[in-house]
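The numbering of the sequence shown is my numbering, which starts it at 94 and goes up by one. We treat Cβ as the ideally placed atom computed from N, Cα and C, and that holds for glycine. As the structure is a computational prediction, the values presented were derived from the model and not from experiment.
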Amino acid sequence: MSDATGRQWHGPTPSATERLARDVADVVREEVRAVRGQVTEAARPAGLGVALLATAGGCLVLGAGAASTTVLRLLETFLPRRLAAAGLTAGYLATAVVLGRLGLAQLRAAGGTSARLADEVRDVVSATAGRVVPAGTDAARDELNR
């Protein structure tokens, strides 16, 4: 005996419920295979896109480094080398502080978990700065005393 799909059945004839269950299972399997194929095809270009974005990020870091070196060389034309490096470093740190404070203010303004995150970040940065600034001051003092 065979069913509507042409499959041969051995043994007793399946009930309508069993046939329906098999048919639904077959449809689900076919849909899962189709979705898996679609996801695989969609992931390939996405994977390439992610790789391209990561490469672009790497190039951005290299470009920022090259720009920083250019600015440092420009400063060295009219400042002593150490003073130029210190001035550029101070400029980067001041910019980081200003941008960091603006970012934290935005997080606090958003409220909820964002405000809690802003408070946690502020606490961690304050604790780290409390350890780094004295060490940096001591290192600068030692360098100037040479």
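Handout entry: Assigned secondary structure, Ser161 (DSSP; H/G/I helix, E/B strand, else coil)
Key = helix
Practice task
Locate the alpha helix (DSSP H) running through Gly193, then write down its first and last residues.
Solution key: 174–203
Practice task
Report yes if the CB atom of Leu192 is closer than 8 Å to the CB atom of Leu181, and no otherwise.
Solution key: no
Practice task
Determine the burial state of Ala211: buried for a count of at least 16 other Cβ atoms within 10 Å of its Cβ, exposed for fewer.
Solution key: Buried: at least 16 other Cβ atoms inside 10 Å.
Practice task
Throw me the rounded Cβ distance for the Ala177 and Glu169 pair, which I believe falls under 8 Å.
Solution key: 5 Å
Exercise for the section: Could you tell me if the beta carbon of Glu111 falls within a distance shorter than 7 Å of some heavy atom in the ligand PLP? Expected result: Ligands are entirely absent from the displayed structure, and the ligand PLP is therefore not among its contents.
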